[in-house]
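Notes follow the structure.
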Amino acid sequence: MGTWVAKNRTTLVVAAVVLVAAYVFYYAKNDIAPSMYGAAWGYAIPLVLAALVGVIGERSGVVNIGIEGQMLLAAFAGFFSAAATGSMAVGILAGIGTGLLAGGFLAWTTVRWRMDQIIAGVVLNIIATGLTSFYLVSGKTLPGVIPNIEVPLLSQIPLIGDTFFSGRSAIALVAIIAAVVVHVGLFHTRWGLRTRSVGEYPSAADTAGINVERLRLVNVTLAGSLAGLAGVYLSMDASSSFERGMTAGRGFLALAIMIMGAWRPLRAVAMALFFGFVNAVASQLQQTGGFDVPPQLTGTLPYVATLVVLALAAGRVRGPAAAGQPYVKKDQ
Numbered sequence: 174m175g176t177w178v179a180k181n182r183t184t185l186v187v188a189a190v191v192l193v194a195a196y197v198f199y200y201a202k203n204d205i206a207p208s209m210y211g212a213a214w215g216y217a218i219p220l221v222l223a224a225l226v227g228v229i230g231e232r233s234g235v236v237n238i239g240i241e242g243q244m245l246l247a248a249f250a251g252f253f254s255a256a257a258t259g260s261m262a263v264g265i266l267a268g269i270g271t272g273l274l275a276g277g278f279l280a281w282t283t284v285r286w287r288m289d290q291i292i293a294g295v296v297l298n299i300i301a302t303g304l305t306s307f308y309l310v311s312g313k314t315l316p317g318v319i320p321n322i323e324v325p326l327l328s329q330i331p332l333i334g335d336t337f338f339s340g341r342s343a344i345a346l347v348a349i350i351a352a353v354v355v356h357v358g359l360f361h362t363r364w365g366l367r368t369r370s371v372g373e374y375p376s377a378a379d380t381a382g383i384n385v386e387r388l389r390l391v392n393v394t395l396a397g398s399l400a401g402l403a404g405v406y407l408s409m410d411a412s413s414s415f416e417r418g419m420t421a422g423r424g425f426l427a428l429a430i431m432i433m434g435a436w437r438p439l440r441a442v443a444m445a446l447f448f449g450f451v452n453a454v455a456s457q458l459q460q461t462g463g464f465d466v467p468p469q470l471t472g473t474l475p476y477v478a479t480l481v482v483l484a485l486a487a488g489r490v491r492g493p494a495a496a497g498q499p500y501v502k503k504d505q
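As structure tokens, this is what we get:
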């Protein structure tokens with residue numbers, strides 16, 4: 174325990190400072206702080222799920238540029254399936270299933286066919302944009318809403334309970350659970366050790382008896398379910414309609430969050446919350462006025478913050494060594 178604290182001393186100090194600052198703002202500005210924190214987490218939910226997709230993919234050695242397309246396809250399939258069948262459950266399952274299919278497409282083209290991973294992701298994004306625009310039908314409505322969940326005890330904690338565990342969508346809770354599960358899985362299980370090995374040194378993993386291709390196929394495909402859930406959240410929870418291009422670059426923002434989180438799930442959650450708060454600040458500036466700034470400009474704040482933080486993080490983080498490189502056995 175002492176060794177772990179020593180290794181993570183800087184992270185713990187930063188986390189403590191941020192938490193104290195958050196509570197000070199929460200009590201000092203109790204009229205606007207709860208709503209801002211709630212809006213920040215609402216904005217961060219799909220980013221967390223999408224960033225986890227990127228983490229699993231790159232830790233396995235596959236760069237997933239197609240997260241945007243996976244989310245868009247899932248949002249489309251989930252919304253229109255729910256509207257057509259009159260069942261929210263069917264819509265959610267359709268969205269998750271579509272994310273899996275899109276993940277399987279990316280996995281097969283990059284791992285089995287050894288297509289360039291960037292090109293495969295771009296192709297997926299183009300297909301998603303084209304399909305969802307061509308088959309878009311207006312006038313559809315959802316048959317209901319995704320239920321909110323009140324977590325006992327945790328929902329009573331000031332700030333944390335109000336933000337994460339009180340009256341939140343079931344998908345929001347799944348995002349938190351998924352981040353914890355992926356973190357524990359990557360760093361404390363045999364699956365995680367094998368995943369990280371095929372992402373860092375696949376030839377050594379192959380020599381140790383790990384089926385590199387199969388593990389990459391399974392990981393990238395299953396990670397698609399999280400992208401599907403993120404898409405479902407966008408079209409069936411954060412809003413109640415589907416619009417062209419409604420993902421609005423969130424898939425690419427999630428990749429930036431993954432990098433700034435150093436390919437670690439819990440750090441990615443922290444970065445997603447940071448950008449969620451930046452977005453909440455931009456929204457607050459638009460509502461309160463006092464600044465003669467066009468809303469289009471304040472809406473770019475999360476993306477400007479992304480560029481600034483990426484510039485600061487450049488050269489300080491290192492991704493998995495084999496990410497983006499197809500693996501070919503020597504005897505093939």
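Position in the sequence shown (first residue = 1) + 173 = the numbering used here. Note that the Cβ used here is the ideal one computed from N, Cα and C, for glycine as well.
Between Leu273 and Leu395, the gap from beta carbon to beta carbon is short of 9 Å. The three-state reading of DSSP puts Asn321 in strand, counting E and B together. CA-to-CA, the gap between Ala453 and Phe337 works out to about 15 Å. In the structure shown, Arg423 adopts helical secondary structure according to DSSP, grouped into three states. Counting C-beta pairs with one atom in each stretch, the segment 334 to 349 and the segment 423 to 430 have fewer than three that are closer than 8 Å, which means they do not touch. In this structure, the beta-carbon distance from Ile300 to Gly242 falls below 9 Å. Three or more beta-carbon pairs separated by less than 8 Å link the segment 368 to 379 to the segment 493 to 504, which places the two stretches in contact. Residue range 206 to 232 is occupied by the alpha helix (DSSP H) that includes Glu231.
With distances taken between CA atoms, Gly404 lies nearest to Gly268 out of Thr258, Gly268, Tyr200. Contact between Tyr374 and Ala494 holds, since their C-beta atoms are separated by about 7 Å, short of 8 Å.
Straight-line measurement puts the Cα of Val236 at about 6 Å from the Cα of Gly230. Bridge partners of Ser342 according to DSSP: Asn321. Relative to Ala343, the option among Ser328, Tyr406, Leu297 whose CA is nearest is Tyr406. Here Phe360 is exposed: its Cβ has fewer than 16 other Cβ atoms, across all protein chains shown, within 10 Å. Counting along the chain, Tyr476 sits inside the alpha helix (DSSP H) bounded by residues 474 to 486. Taking the Cα of Ile333 as reference, the smallest distance to any Cα among Ala484, Val481, Tyr476, Tyr210 is reached at Tyr210. Three or more Cβ pairs closer than 8 Å define a contact, and the segment 470 to 487 falls short of that threshold against the segment 247 to 254. In the displayed model, Tyr500 falls within coil according to three-state DSSP, outside both helix and strand. DSSP places Ser306 within a helical segment (H, G or I) once states are collapsed to three. For Val193, the secondary structure class from DSSP, reduced to helix, strand or coil, is helix. An exposed status is given to Ser311, since fewer than 16 other beta-carbon atoms sit within 10 Å of its beta-carbon.
Around the beta carbon of Gly259, fewer than 16 other beta carbons sit within 10 angstroms, so the residue counts as exposed. The segment 370 to 438 contains, as complete alpha helix (DSSP H) runs of 4+ residues, the segments 375 to 380, 385 to 409, 423 to 433 (chain order).
Boundaries cannot be given for Ile238, as no alpha helix (DSSP H) includes it and DSSP labels it neither H nor E.
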